[in-house]
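For reference, the structure is listed below as structure tokens.
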Amino acid sequence: MRNDNEDVAMKESRRRERQAALENPETDIGLCGWVLVGASLLLMLLTLPLSIWMCIKIVKEYERAIIFRLGRILRGGAKGPGLFFILPCTDSFINVDMRTISFDIPPQEVLTKDSVTVSVDGVVYYRVQNATLAVANITNADAATRLLAQTTLRNVLGTKNLAEILSDREEIAHSMQSTLDDATDDWGIKVERVEIKDVKLPLQLQRAMAAEAEASREARAKVIAAEGEMNASRALKEASLVIAESPSALQLRYLQTLNTIAAEKNSTIIFPLPLEMMQSFIKH
1 MRNDNEDVAM
11 KESRRRERQA
21 ALENPETDIG
31 LCGWVLVGAS
41 LLLMLLTLPL
51 SIWMCIKIVK
61 EYERAIIFRL
71 GRILRGGAKG
81 PGLFFILPCT
91 DSFINVDMRT
101 ISFDIPPQEV
111 LTKDSVTVSV
121 DGVVYYRVQN
131 ATLAVANITN
141 ADAATRLLAQ
151 TTLRNVLGTK
161 NLAEILSDRE
171 EIAHSMQSTL
181 DDATDDWGIK
191 VERVEIKDVK
201 LPLQLQRAMA
211 AEAEASREAR
221 AKVIAAEGEM
231 NASRALKEAS
241 LVIAESPSAL
251 QLRYLQTLNT
261 IAAEKNSTII
271 FPLPLEMMQS
281 FIKH
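According to the UniProt record's numbering, the stretch in the sequence shown is residues 1 to 284, in order.
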């Protein structure tokens, strides 16, 4: 746990150093740059009040603006939300959406550890944590995150067998989230959540698993039936011992049987005969 905390602290420190290097560059724009900036400012003053509509920009609450002056990121990093000011000709800006973005991972054909081909898809939730890194360190953060998610899904599932994929989806999703979060940290991306949506098995494998499950259920049903027969036999044995010890119990059982038959509204009457009476006729 201590090593994990140290790794997280080191990563956060490196990320802050990279962000500071981008937001506060050591080299200045130079004399020529300052001349161009002065000329742009003068042009803006000469064309007032029309130029004010080109210089004042607005970013929404969920956006941040990265301003480039002569190709360099302006000191202070991302601007917004609200109003900000740019110079014509020398300044340009890029809006970055800071809201959480979700996308589906297309179904991936994965060969599991036990050599079974399955099709797995998922969904990833991420957001831009650092707008400066997302613009300066990667060409297209969204496309890169999508491609990385597909590759990570195949790599993680390739180390699992079929039973683990079907039963340990939460563990697989957590492992993918950690891997993606570490890989996208340099891009200013924070992966918030990863979920495995569906695992599609080949048709032949589905039939084999269904046959296996059916055979297992039939085996359990036969075992349960055999246990029931055994328990019933023991109960009948105990009942016969009780009846043998008390002959009047047999008469009570006979009366109870007659009561049950009479409840069905029929005229069937049963007269039980002891087997000892029949043995005498059998001998003759």
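Every residue, glycine too, gets a C-beta built ideally from N, C-alpha and C. Keep in mind the model is a prediction, meaning the values are calculated, not measured.
For residue j and residue i, the rounded distance between their alpha carbons
{"i": "G122", "j": "P106", "result": "7 angstroms"}
{"i": "T117", "j": "L201", "result": "7 angstroms"}
{"i": "M1", "j": "A173", "result": "Low confidence applies to M1: its pLDDT is 49, below 50, so where it sits in the model is not reliable enough to give any reading."}
{"i": "E26", "j": "G188", "result": "Here the model assigns E26 a pLDDT of 48, short of 50, so the residue's position is not dependable and the matter cannot be decided."}
{"i": "Q129", "j": "M209", "result": "45 angstroms"}
{"i": "V156", "j": "S51", "result": "55 angstroms"}
{"i": "N231", "j": "L166", "result": "38 angstroms"}
{"i": "R146", "j": "F103", "result": "8 angstroms"}
{"i": "D198", "j": "L83", "result": "45 angstroms"}
{"i": "R69", "j": "G33", "result": "9 angstroms"}
{"i": "I86", "j": "K60", "result": "16 angstroms"}
{"i": "A215", "j": "V120", "result": "28 angstroms"}
{"i": "A235", "j": "V194", "result": "57 angstroms"}
{"i": "A249", "j": "R220", "result": "38 angstroms"}
{"i": "S178", "j": "E164", "result": "18 angstroms"}
{"i": "G71", "j": "A149", "result": "31 angstroms"}
{"i": "W53", "j": "T47", "result": "11 angstroms"}
{"i": "L255", "j": "A213", "result": "48 angstroms"}
{"i": "E238", "j": "R253", "result": "15 angstroms"}
{"i": "R99", "j": "Q204", "result": "43 angstroms"}
{"i": "L43", "j": "L36", "result": "10 angstroms"}
{"i": "N259", "j": "E218", "result": "39 angstroms"}
{"i": "A244", "j": "S233", "result": "16 angstroms"}
{"i": "V124", "j": "G38", "result": "47 angstroms"}
{"i": "S240", "j": "V223", "result": "26 angstroms"}
{"i": "S115", "j": "T151", "result": "19 angstroms"}
{"i": "G158", "j": "S40", "result": "57 angstroms"}
{"i": "V242", "j": "R207", "result": "52 angstroms"}
{"i": "L31", "j": "D186", "result": "33 angstroms"}
Those residues which DSSP pairs with residue i across a bridge
{"i": "Y62", "result": "None, per the DSSP bridge assignment."}
{"i": "residue 347", "result": "With the chain running from 1 to 284 in the structure shown, residue 347 is simply not present."}
{"i": "E195", "result": "V123"}
{"i": "T117", "result": "L111"}
{"i": "V128", "result": "I189"}
{"i": "I73", "result": "F68"}
{"i": "D104", "result": "V123"}
{"i": "K200", "result": "S119"}
{"i": "G158", "result": "According to DSSP, G158 bridges with nothing at all."}
{"i": "I224", "result": "For I224, which the question treats as bridged, DSSP gives no partner whatsoever."}
{"i": "G82", "result": "V59"}
Cβ distance (whole Å) where residue i is taken to contact residue j below 8 angstroms
{"i": "V191", "j": "V135", "result": "Actually they do not touch by this definition, with Cβ atoms about 18 angstroms apart."}
{"i": "G101", "j": "Y62", "result": "First, the residue type needs correcting, since residue 101 is Ile and not Gly in the sequence shown. Incorrect: roughly 11 angstroms between the Cβ atoms, too far for contact."}
C-beta atoms of residue i and residue j nearer than 9 angstroms
{"i": "T132", "j": "I66", "result": "yes"}
{"i": "M176", "j": "L153", "result": "yes"}
{"i": "R169", "j": "I138", "result": "no"}
{"i": "R64", "j": "P81", "result": "yes"}
Notebook entry, point to check: Contact between the segment 102-118 and the segment 72-85: three or more CB pairs below 8 angstroms?
Noted result: no
Note to self: Does the structure place the segment 175-185 close enough to the segment 221-234 that three or more beta carbon pairs sit under 8 angstroms?
What the structure shows: no
Margin query: If contact is defined by three or more beta carbon pairs under 8 angstroms, each pair taking one atom from either stretch, is the segment 136-154 in contact with the segment 83-90?
Written below: no
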